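Take 1 as the starting number for the sequence shown in UniProt numbering and just add one per residue. For each residue, glycine too, the CB sits at the ideal point set by N, CA and C. The structure presented is a predicted model; accordingly, all values stated were derived computationally and were not measured. Below: one structure, written as C-alpha coordinates.
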Amino acid sequence: MNFDKLTDKERIEFALGSIKLINHYLRGVNEEKFENDMKTQDAIQYRMSCIGNAINAVSEKLRERYDILWGLYVVLNIDSAELMFQLKQKDKETNEPYESLKSLFNILYDVYRHEYSDVLDSEKKSYVEDYDYPIKTKNSIWTVKNK
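As C-alpha coordinates, this is what we get:
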(Lines of atoms letter the chains of each structure in order from A; the text may use other names.)
(Lines give C-alpha, C1' and ligand atoms only; values in the text may rest on other atoms or scores of the structure.)
Protein backbone atom coordinates (compact mmCIF):
# COMPACT_ATOMS: atom_id res chain seq x y z
CA MET A 1 0.00 0.00 0.00
CA ASN A 2 1.28 3.47 -0.86
CA PHE A 3 0.67 5.50 2.29
CA ASP A 4 1.96 8.65 0.60
CA LYS A 5 -1.28 8.85 -1.39
CA LEU A 6 -3.47 8.63 1.73
CA THR A 7 -4.58 11.47 3.98
CA ASP A 8 -3.59 11.50 7.65
CA LYS A 9 -7.14 10.52 8.49
CA GLU A 10 -6.96 7.47 6.21
CA ARG A 11 -3.55 6.52 7.63
CA ILE A 12 -4.88 6.57 11.19
CA GLU A 13 -8.01 4.67 10.14
CA PHE A 14 -5.79 2.04 8.53
CA ALA A 15 -3.69 1.71 11.71
CA LEU A 16 -6.82 1.45 13.88
CA GLY A 17 -8.23 -1.22 11.58
CA SER A 18 -4.98 -3.17 11.83
CA ILE A 19 -5.10 -3.05 15.64
CA LYS A 20 -8.68 -4.35 15.50
CA LEU A 21 -7.59 -7.19 13.24
CA ILE A 22 -4.73 -8.13 15.58
CA ASN A 23 -7.26 -8.22 18.40
CA HIS A 24 -9.45 -10.50 16.28
CA TYR A 25 -6.55 -12.82 15.41
CA LEU A 26 -5.68 -13.22 19.09
CA ARG A 27 -9.19 -13.78 20.38
CA GLY A 28 -9.25 -17.02 22.35
CA VAL A 29 -5.61 -17.85 21.57
CA ASN A 30 -3.46 -19.10 24.44
CA GLU A 31 0.33 -18.97 24.53
CA GLU A 32 0.85 -22.55 23.34
CA LYS A 33 -1.52 -22.17 20.41
CA PHE A 34 0.10 -18.85 19.51
CA GLU A 35 3.62 -20.32 19.57
CA ASN A 36 2.58 -23.17 17.26
CA ASP A 37 0.52 -21.13 14.78
CA MET A 38 2.85 -19.54 12.24
CA LYS A 39 -0.07 -18.23 10.15
CA THR A 40 -1.36 -16.18 13.08
CA GLN A 41 2.14 -14.94 13.88
CA ASP A 42 2.68 -13.96 10.23
CA ALA A 43 -0.70 -12.22 10.03
CA ILE A 44 0.05 -10.25 13.18
CA GLN A 45 3.53 -9.35 11.97
CA TYR A 46 2.03 -8.09 8.70
CA ARG A 47 -0.52 -5.96 10.56
CA MET A 48 2.23 -4.60 12.82
CA SER A 49 4.12 -3.59 9.71
CA CYS A 50 0.97 -1.92 8.36
CA ILE A 51 0.56 0.06 11.60
CA GLY A 52 4.20 1.15 11.57
CA ASN A 53 4.12 2.20 7.92
CA ALA A 54 0.82 4.06 8.26
CA ILE A 55 1.90 6.00 11.34
CA ASN A 56 5.35 6.67 9.90
CA ALA A 57 3.60 8.41 6.98
CA VAL A 58 1.51 10.69 9.25
CA SER A 59 2.45 14.32 8.62
CA GLU A 60 4.80 16.13 10.96
CA LYS A 61 2.14 18.81 11.36
CA LEU A 62 -0.29 16.29 12.88
CA ARG A 63 2.40 14.70 15.06
CA GLU A 64 3.29 18.05 16.57
CA ARG A 65 -0.31 18.66 17.67
CA TYR A 66 -0.54 15.54 19.84
CA ASP A 67 1.73 14.52 22.68
CA ILE A 68 1.66 10.78 22.17
CA LEU A 69 4.43 8.28 21.56
CA TRP A 70 4.21 8.23 17.77
CA GLY A 71 7.51 6.39 17.62
CA LEU A 72 6.07 3.44 19.52
CA TYR A 73 3.59 2.82 16.73
CA VAL A 74 6.36 3.13 14.12
CA VAL A 75 8.51 0.60 16.02
CA LEU A 76 5.72 -1.94 15.58
CA ASN A 77 6.97 -2.17 12.01
CA ILE A 78 10.08 -4.00 13.18
CA ASP A 79 9.03 -5.66 16.43
CA SER A 80 7.87 -9.22 16.93
CA ALA A 81 4.40 -10.69 16.93
CA GLU A 82 5.19 -11.94 20.45
CA LEU A 83 4.95 -8.33 21.65
CA MET A 84 1.37 -8.10 20.37
CA PHE A 85 0.49 -11.34 22.13
CA GLN A 86 1.89 -9.95 25.39
CA LEU A 87 0.05 -6.63 24.95
CA LYS A 88 -3.20 -8.49 24.25
CA GLN A 89 -2.74 -10.54 27.43
CA LYS A 90 -2.53 -7.29 29.41
CA ASP A 91 -5.86 -5.93 28.12
CA LYS A 92 -7.69 -7.08 31.25
CA GLU A 93 -4.82 -6.41 33.66
CA THR A 94 -3.97 -2.75 33.10
CA ASN A 95 -5.31 0.57 31.92
CA GLU A 96 -1.87 2.18 31.77
CA PRO A 97 -1.06 3.98 28.50
CA TYR A 98 0.96 1.98 25.97
CA GLU A 99 0.92 -1.17 28.11
CA SER A 100 -1.88 -3.10 26.42
CA LEU A 101 -3.30 -3.56 22.95
CA LYS A 102 -6.46 -1.87 24.18
CA SER A 103 -4.55 1.26 25.26
CA LEU A 104 -2.70 1.49 21.92
CA PHE A 105 -6.06 1.49 20.16
CA ASN A 106 -7.71 3.98 22.53
CA ILE A 107 -4.84 6.49 22.45
CA LEU A 108 -4.79 6.54 18.66
CA TYR A 109 -8.58 6.61 18.47
CA ASP A 110 -8.69 9.66 20.76
CA VAL A 111 -6.37 11.51 18.36
CA TYR A 112 -8.56 10.43 15.47
CA ARG A 113 -11.78 11.65 17.11
CA HIS A 114 -10.24 14.93 18.24
CA GLU A 115 -8.61 15.69 14.90
CA TYR A 116 -11.52 14.72 12.71
CA SER A 117 -14.61 16.23 14.27
CA ASP A 118 -16.80 14.65 11.62
CA VAL A 119 -16.59 11.49 13.73
CA LEU A 120 -19.67 11.91 15.87
CA ASP A 121 -19.80 10.89 19.53
CA SER A 122 -22.57 8.47 18.62
CA GLU A 123 -20.16 6.80 16.19
CA LYS A 124 -17.40 6.44 18.78
CA LYS A 125 -16.32 2.88 18.87
CA SER A 126 -14.44 1.69 21.88
CA TYR A 127 -12.02 -1.15 21.76
CA VAL A 128 -14.39 -4.09 21.54
CA GLU A 129 -14.10 -7.72 20.65
CA ASP A 130 -17.26 -8.19 18.63
CA TYR A 131 -16.22 -6.91 15.21
CA ASP A 132 -17.07 -9.28 12.41
CA TYR A 133 -14.00 -10.28 10.40
CA PRO A 134 -13.14 -10.86 7.70
CA ILE A 135 -15.10 -8.05 6.18
CA LYS A 136 -16.61 -9.37 2.98
CA THR A 137 -17.38 -6.83 0.30
CA LYS A 138 -18.24 -7.15 -3.35
CA ASN A 139 -14.56 -6.58 -4.14
CA SER A 140 -13.11 -8.91 -1.53
CA ILE A 141 -11.20 -12.02 -2.49
CA TRP A 142 -14.00 -14.11 -0.98
CA THR A 143 -16.56 -12.71 -3.41
CA VAL A 144 -14.30 -12.70 -6.45
CA LYS A 145 -13.20 -16.28 -5.78
CA ASN A 146 -16.79 -17.50 -5.62
CA LYS A 147 -17.93 -15.93 -8.92
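Listed in chain order, the non-local C-beta contacts of Lys88 below 6 angstroms within the same chain comprise Leu26 and Leu101, local neighbours out to five positions each way being set aside. DSSP places Ile107 in the helix class (H, G or I) of the three-state scheme.
Restricted to the segment 26-58, the alpha helix (DSSP H) segments that are unbroken, complete and at least 4 residues in length are 31-36 and 38-56, listed in chain order.
The C-beta distance from Tyr109 to Leu16 rounds to 6 angstroms, short enough to fall under 8 angstroms. Distance check between Ser103 and each of Lys20, Arg63, Lys33 and Phe14 places Lys20 closest, using alpha-carbon atoms only. Sequence-distant Cβ neighbours of Gln86 in its own chain, meaning closer than 7 angstroms and more than five residues away, do not exist here.
Here DSSP, grouped into helix, strand and coil, assigns Asn23 to helix. Leaving aside the five residues that flank Phe3 on each side, the residues in its chain whose CB is nearer than 7 angstroms to its CB run, in chain order, Arg11, Asn53, Ala54 and Ala57. Between Arg47 and Ile22, the C-beta gap is smaller than 8 angstroms, which places the two residues in contact.
The distance from the Cβ of Ile51 to that of Tyr66 is about 16 angstroms, inconsistent with a contact at the 8 angstroms cut-off.
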